[in-house]
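Trainee: Quick note: to get my numbering, add 39 to the position in the sequence shown (first position is 1). Using N, Cα and C, we set each Cβ at its ideal position, and we do this for glycine too.
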Amino acid sequence: MNAAEFETIVVETDLLILGGGMAACGAAFEAAHWAAKNNMKVTLVDKAAMERSGAVAMGLSAINLYLGLKDGNNTVEDYVTYVKNDLMGIARQDLVANIARHVDSSVHLFEKWGLPIWKDDDGKYVKEGRWQIMIHGEAYKNIVSEAAKTALRELGDNGEYFERVFITEPIMEGGRCVGAAGFSVREKKFYIFKAKAVLDTMGGAVHIFRPRSVGEGLGRSWYPPFNSGASAYFTLKSGAEMTCQEVRFVPVRFKDSYGPVGAWFLLFKSKATNAKGEEYMVTRAGELDKWAPYGQTKPTPTNLRNLLMLKEVEEGNGPIYMHTEDAIRELLVDIPDEKEARRKLKELESEAWEDFLDMTISQALNWASHNIMPEETPSEIAATEPYFISSHSGASGAWVSGPEDLAPSDYFFGYGNMTTVNGLFAAGDASGASSHKFSSGSFTEGRISGKAAIAFCVDNPDMPVISDERIAELKEMTFKPLEIFDEHKDYSNDPDVNPNFIKPRMFMFRLQKIMDEYAGGASVGFRTSKALLEKGLEFLNLMKEDSSKLAASDANELMRCWENVHRMWQAESHIRTIMFREETRWPGYYSRTDFPEMKADWEVFANCKWDPETGEWEMIKREVVDL
Ligand code: SFD
Ligand code: AMP
40 MNAAEFETIV VETDLLILGG GMAACGAAFE AAHWAAKNNM KVTLVDKAAM
90 ERSGAVAMGL SAINLYLGLK DGNNTVEDYV TYVKNDLMGI ARQDLVANIA
140 RHVDSSVHLF EKWGLPIWKD DDGKYVKEGR WQIMIHGEAY KNIVSEAAKT
190 ALRELGDNGE YFERVFITEP IMEGGRCVGA AGFSVREKKF YIFKAKAVLD
240 TMGGAVHIFR PRSVGEGLGR SWYPPFNSGA SAYFTLKSGA EMTCQEVRFV
290 PVRFKDSYGP VGAWFLLFKS KATNAKGEEY MVTRAGELDK WAPYGQTKPT
340 PTNLRNLLML KEVEEGNGPI YMHTEDAIRE LLVDIPDEKE ARRKLKELES
390 EAWEDFLDMT ISQALNWASH NIMPEETPSE IAATEPYFIS SHSGASGAWV
440 SGPEDLAPSD YFFGYGNMTT VNGLFAAGDA SGASSHKFSS GSFTEGRISG
490 KAAIAFCVDN PDMPVISDER IAELKEMTFK PLEIFDEHKD YSNDPDVNPN
540 FIKPRMFMFR LQKIMDEYAG GASVGFRTSK ALLEKGLEFL NLMKEDSSKL
590 AASDANELMR CWENVHRMWQ AESHIRTIMF REETRWPGYY SRTDFPEMKA
640 DWEVFANCKW DPETGEWEMI KREVVDL
């Protein structure tokens with residue numbers, strides 16, 4: 040196979056939405072409204088089928104961001120304080136507040152579209168925790184994507200969505216982002232999308248660090264394997280400034296199948312202990328003082344909860360257990376009537392299983408295959424490998440403009456959620472420093488960005504020009520791995536081992552080994568140092584050279600090649616930013632052994648930028664402004 044076999048299709052649009060996940064669906068829904076008013080076209084491109092693409096593919100059992108502002112229990116300010124504390128002081132408060140003040144209306148839309156939300160006897164949403172509500176969410180993504188598709192369909196010729204088209208590269212013209220290149224993984228088609236504004240919503244990144252799942256478990260991860268760093272690659276390659284690229288997320292999960300812990304900790308009030316039955320959050324509470332003032336905030340920041348657990352493991356006190364059996368017993372204690380207690384037990388059991396069946400089905404299989412009955416047996420929990428997901432308790436992504444009415448002047452540059460590159464917007468996991476937006480907040484941020492991007496199109500009405508030479512160059516670059524494979528495949532009799540090329544799977548293993556061993560992965564207890572990072576960067580640079588020899592035997596493998604190029608860039612920006620930040624701010628996510636303390640003068644954003652003209656990296660400190 041080679042480039043010539045692929046038909047070139049040029050699609051012109053006003054707003055181009057890249058990705059089909061929660062943020063993209065919010066963007067499509069909102070942009071369609073403003074596009075209809077301004078006779079604009081909106082085009083969405085997803086590498087998968089929107090019905091089940093992205094992090095919400097399997098469904099979810101909770102919506103983790105809902106303020107309930109009308110009930111008057113929470114304020115936007117409370118939420119901003121919570122997020123800032125959870126991220127050890129590092130948050131763009133203008134962005135967090137902007138999402139929080141609008142998120143309730145998105146949740147109400149989900150319910151209107153058919154998402155079943157748990158209700159109590161008074162008809163109120165059942166709260167999992169202060170900010171989280173419970174849903175019967177197996178079909179969450181289907182419901183939301185259908186609403187987005189309907190909004191696009193209602194635009195007639197001005198609304199379009201492409202599925203199973205993988206985006207490889209941004210297209211730049213005079214410092215402005217004017218589109219994207221990609222190819223179909225099902226048909227022999229090469230796409231050039233030409234746009235007045237581009238919104239990057241291609242999720243976060245997984246499989247950059249060596250996973251704990253090996254052998255027959257290889258491929259299982261907490262974060263969806265389909266999100267592979269395309270968002271960060273796209274903004275980095277466009278020359279946009281990035282923020283918090285060091286802030287990975289290491290979730291604690293039910294061991295090996297990555298089942299969620301939120302419902303157990305918050306809804307069922309379960310406790311976690313070491314093997315001796317000691318509750319480490321109590322016995323080790325004193326260790327939090329070192330991380331003042333954030334160590335003392337309630338709830339304890341996510342990374343510090345991890346830290347206390349990791350210390351137990353280090354000291355040989357594992358396994359760590361989630362005591363589901365004690366939690367269920369406690370919930371039954373106040374029910375004296377035996378029949379009523381039996382009914383309640385059945386209800387709790389079914390809620391426990393549904394929590395997994397709604398969002399992590401393999402965890403239910405794991406329970407079944409290990410004969411675990413949550414009402415009788417505790418379950419092991421463990422820290423996973425690191426992921427990049429700014430919408431949960433990580434923060435990596437593009438540095439974007441805040442809203443005009445809330446953003447300090449340094450944080451506002453034209454249009455809400457626009458990156459530092461003209462015409463390029465980012466939302467959801469693609470935008471950084473606004474953690475804890477989750478599914479509902481990502482959808483909401485998509486809405487905010489979609490509206491702002493249409494305003495950009497109205498103000499910049501000329502359709503950009505992309506030269507035929509540039510299109511030819513992009514096409515050649517995109518399909519090069521197919522040609523490399525064709526040219527050299529007969530040299531060896533093992534299709535995976537060949538001195539003239541490297542297959543994407545091998546390339547990924549190499550990347551994961553470097554990241555794990557040098558950049559503080561799970562196997563080294565999430566610890567690293569300048570010396571290790573420098574060595575890791577040296578190896579990564581060699582990989583960058585080798586990436587020009589990536590080879591693919593078909594379109595699916597071609598996608599795998601590009602996924603790994605995207606991962607490599609996410610990895611490089613991560614190493615560079617960890618190296619830049621000479622302190623340890625998020626122990627439990629990673630520790631710098633050469634700078635083990637948190638430092639007041641590092642209570643700043645660590646940003647980075649790659650210059651498309653020179654190929655140089657720039658590291659930048661930016662002030663954290665308290666609103
Ligand atoms: O609790 C390309 N999240 C949860 N949020 C909740 O509200 N409640 C929960 O219960 C949640 N849980 C949870 C969550 C995430 C994960 C991974 C798990 C469990 C296992 C967080 C949300 O899911 C998350 O905040 C949002 O989904 C983020 O939205 P967005 O749009 O930023 O990302 P996406 O939905 O993953 O979509 C990404 C899209 O990009 C596409 N894509 N398209 C074209 N070309 C490329 N090269 C592309 N690369 C990627 C994808 O196909 C997808 O459409 S809890 O357990 O934490
Ligand atoms: P998780 O299942 O870990 O993704 O968590 C779902 C939600 O519950 C997120 O908003 C978490 O921040 C929150 N959460 C989980 N565990 C705890 C805990 N022990 N204390 C406070 N919040 C938690």
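Going by the beta-carbon positions, is the gap between Ile541 and Phe578 smaller than 8 Å?
Mentor: For this step, residue 541 is matched to residue 502 along the sequence shown. For this step, residue 578 is matched to residue 539 along the sequence shown. Not closer than 8 Å, so no.
Trainee: Taking 8 Å as the cut-off, decide whether the C-beta atoms of Ile428 and Tyr628 are in contact.
Mentor: Position 389 of the sequence shown holds residue 428. Position 589 of the sequence shown holds residue 628. No, they are not a contact pair.
Trainee: Under a Cβ-count criterion, where at least 16 other Cβ atoms within 10 Å of its own Cβ denotes burial, should Leu581 be classed as buried or exposed?
Mentor: On the sequence shown, residue 581 is found 542 positions in, with the first residue counted as 1. By the neighbour-count rule (16 or more Cβ atoms within 10 Å), Leu581 is not buried but exposed.
Trainee: As a quick check of your reading: which residues have a C-beta less than 5 Å from at least one non-hydrogen atom of the ligand AMP, in chain order?
Mentor: My final list is Asn103, Pro299, Val300, Gly301, Phe304, Pro338.
Trainee: Cβ-heavy atom distance between Leu57 and the ligand SFD below 7 Å?
Mentor: In the sequence shown, counting from the first residue as 1, residue 57 sits at position 18. Leu57 Cβ: within cutoff of the ligand SFD.
Trainee: Would you kindly report the start and end of the unbroken beta strand (DSSP E) that includes Phe293?
Mentor: Residue numbering aside, residue 293 sits at position 254 when the sequence shown is read from its first letter. Segment 291-293, the beta strand (DSSP E) holding Phe293.
Trainee: DSSP puts Cys647 in a beta bridge; with which residues?
Mentor: Within the sequence shown, residue 647 is the residue found at index 608, counting from 1. BP columns for Cys647 point to Met281, Met658.
Trainee: Identify, in the order they occur along the chain, each residue of the same chain with its Cβ nearer than 8 Å to the Cβ of Ala366, setting aside the five sequence neighbours on each side.
Mentor: Translated into positions along the sequence shown, residue 366 becomes position 327. Only Trp303, Phe307, Lys308, Ser309, Lys310 meet the Cβ criterion.
Trainee: Can you tell me whether Phe232 is helix, strand or coil according to DSSP?
Mentor: For this step, residue 232 is matched to residue 193 along the sequence shown. Residue state, collapsed to three classes: strand.
Trainee: How would you call His409, buried or exposed, if buried means at least 16 neighbouring beta carbons within 10 angstroms?
Mentor: Translated into positions along the sequence shown, residue 409 becomes position 370. Classification for His409: exposed.
Trainee: How many whole angstroms separate the CB atoms of Leu305 and Gln171, which I take to be in contact at a CB cut-off of 8 Å?
Mentor: Residue 305 sits at position 266 when you count from the first residue of the sequence shown. Residue 171 sits at position 132 when you count from the first residue of the sequence shown. Sure, about 6 Å apart at Cβ, within 8 Å.
Trainee: Could you spell out where the beta strand (DSSP E) holding Thr82 opens and where it closes?
Mentor: For this step, residue 82 is matched to residue 43 along the sequence shown. First-last of the beta strand (DSSP E) with Thr82: 81-84.
Trainee: Should the stretch 156-172 be regarded as contacting the stretch 287-298, the criterion being three or more beta carbon pairs within less than 8 Å?
Mentor: Verdict: no, contact absent.
Trainee: The ligand SFD heavy atoms versus the CB of Asp160: any closer than 7 Å?
Mentor: Counting from 1 along the sequence shown, the entry for residue 160 is found at position 121. The answer is no for Asp160.
Trainee: Any contact of the stretch 481-499 with the stretch 51-69, i.e. 3+ C-beta pairs under 8 Å?
Mentor: Judged by Cβ distances under 8 Å, the stretch 481-499 makes contact with the stretch 51-69, as three or more pairs qualify.
Trainee: Among all the DSSP beta bridges, which residues are the ones paired with Arg631?
Mentor: Start at 1 with the first residue of the sequence shown, and residue 631 comes out as number 592. Bridge partners of Arg631: Thr567.
Trainee: Is the beta carbon of Ala16 within less than 7 Å of some heavy atom of the ligand SFD?
Mentor: Nothing can be reported for residue 16, as the shown portion of the chain is limited to 40 through 666.
Trainee: Should Glu280 and Ile48 be called a contact, given that it needs their Cβ atoms to be closer than 8 Å?
Mentor: In the sequence shown, residue 280 corresponds to position 241, counting from 1. In the sequence shown, residue 48 corresponds to position 9, counting from 1. No, Cβ-Cβ distance for Glu280 and Ile48 is not below 8 Å.
Trainee: Does DSSP put Lys158 in a helix, in a strand, or in coil?
Mentor: What you label residue 158 is simply residue 119 of the sequence shown in a count that begins at 1. Correct three-state label for Lys158: strand.
Trainee: Could you tell me the distance, in whole angstroms, from the CA atom of Asp529 to the CA atom of Phe201?
Mentor: Position 490 of the sequence shown holds residue 529. Position 162 of the sequence shown holds residue 201. Approximately 36 Å, taken between the alpha carbons.
Trainee: Can you tell me whether Gly45 is helix, strand or coil according to DSSP?
Mentor: Walking along the sequence shown from the start, residue 45 turns up at place 6. Going by the sequence as given, residue 45 is Phe instead of Gly. Reduced to three states, the DSSP call for Phe45 is coil.
Trainee: DSSP on Lys163, reduced to helix/strand/coil?
Mentor: Translated into the one-based positions of the sequence shown, residue 163 becomes position 124. It is coil, neither helix nor strand.
Trainee: Okay, do the stretch 351-360 and the stretch 416-424 touch, 3+ Cβ pairs below 8 Å being the bar?
Mentor: Contact between the stretch 351-360 and the stretch 416-424 is present, because at least three Cβ pairs lie under 8 Å.
Trainee: Which class does Gly575 belong to by DSSP, given the choice of helix, strand or coil?
Mentor: In the sequence shown, the residue the question calls residue 575 occupies position 536. Here Gly575 sits in helix by DSSP.
Trainee: Judging by CA-CA distance, which residue of Pro264, Gln551, Gly59, Cys216 is the nearest neighbour of Met502?
Mentor: By one-based count along the sequence shown, residue 502 stands at place 463. The shortest C-alpha separation from Met502 is found at Cys216.
Trainee: Hey, could you find the ends of the beta strand (DSSP E) Arg215 is sitting in?
Mentor: Translated into positions along the sequence shown, residue 215 becomes position 176. 215-223 is the span of the beta strand (DSSP E), which, as asked, contains Arg215.
Trainee: If you draw a straight line from the C-alpha of Glu90 to the C-alpha of Glu185, how long is it?
Mentor: Here residue 90 corresponds to residue number 51 of the sequence shown, with the count starting at 1. Here residue 185 corresponds to residue number 146 of the sequence shown, with the count starting at 1. Distance between the alpha carbons of Glu90 and Glu185 is about 7 Å.
Trainee: Kindly examine the ligand SFD and report whether one of its heavy atoms sits closer than 7 Å to the Cβ of Met547.
Mentor: Position 508 of the sequence shown, counted from the start, is the residue given in the question as residue 547. False, no ligand heavy atom lies under 7 Å from that Cβ.
Trainee: Look at the alpha carbon of Leu327 and the alpha carbon of Val245, and state the distance between them as a whole number of angstroms.
Mentor: Here the question's residue 327 lines up with position 288 in the sequence shown. Here the question's residue 245 lines up with position 206 in the sequence shown. Near 29 Å, if we compare the C-alpha coordinates of Val245 and Leu327.
Trainee: Check each candidate in Phe222, Glu522, Thr336 and name the one with the smallest Cα separation from Gly128.
Mentor: Taking the first residue of the sequence shown as 1, we reach residue 128 at position 89. Closest option to Gly128, Cα to Cα, is Thr336.
Trainee: Could you name each continuous beta strand (DSSP E) segment of 3 residues or more that falls completely within the stretch 326-401, going from the start of the chain to the end?
Mentor: Complete beta strand (DSSP E) runs here, min 3: 359-361.
Trainee: Do three or more CB pairs link the stretch 268-280 to the stretch 386-406 at distances below 8 Å?
Mentor: Not touching, per the Cβ criterion.
Trainee: Who are the near neighbours of Ala88 in its chain, counting only those whose CB is closer than 6 Å to its CB and skipping five residues on each side?
Mentor: The residue given as residue 88 occupies position 49 in the sequence shown. Excluding residues within five positions, the ones whose Cβ falls inside 6 Å are Glu202.
Trainee: For Gly559, which residues from the same chain have a beta carbon less than 6 Å from its beta carbon, with the 5 sequence-adjacent residues on both sides left out?
Mentor: Residue 559 sits at position 520 when you count from the first residue of the sequence shown. Counting only Cβ-Cβ distances below 6 Å, and skipping sequence neighbours, we find Phe565, Arg566, Thr567, Tyr629.
Trainee: Considering only the beta carbon of each residue, do Pro538 and Lys276 sit closer than 8 Å?
Mentor: Sequence index remark: in the sequence shown, residue 538 carries index 499 (1-based). Sequence index remark: in the sequence shown, residue 276 carries index 237 (1-based). No.
Trainee: Can you tell me which of the three DSSP states His409 falls into?
Mentor: As a first step, residue 409 must be located in the sequence shown, where it is residue number 370. DSSP places His409 in coil when its eight states are reduced to three.
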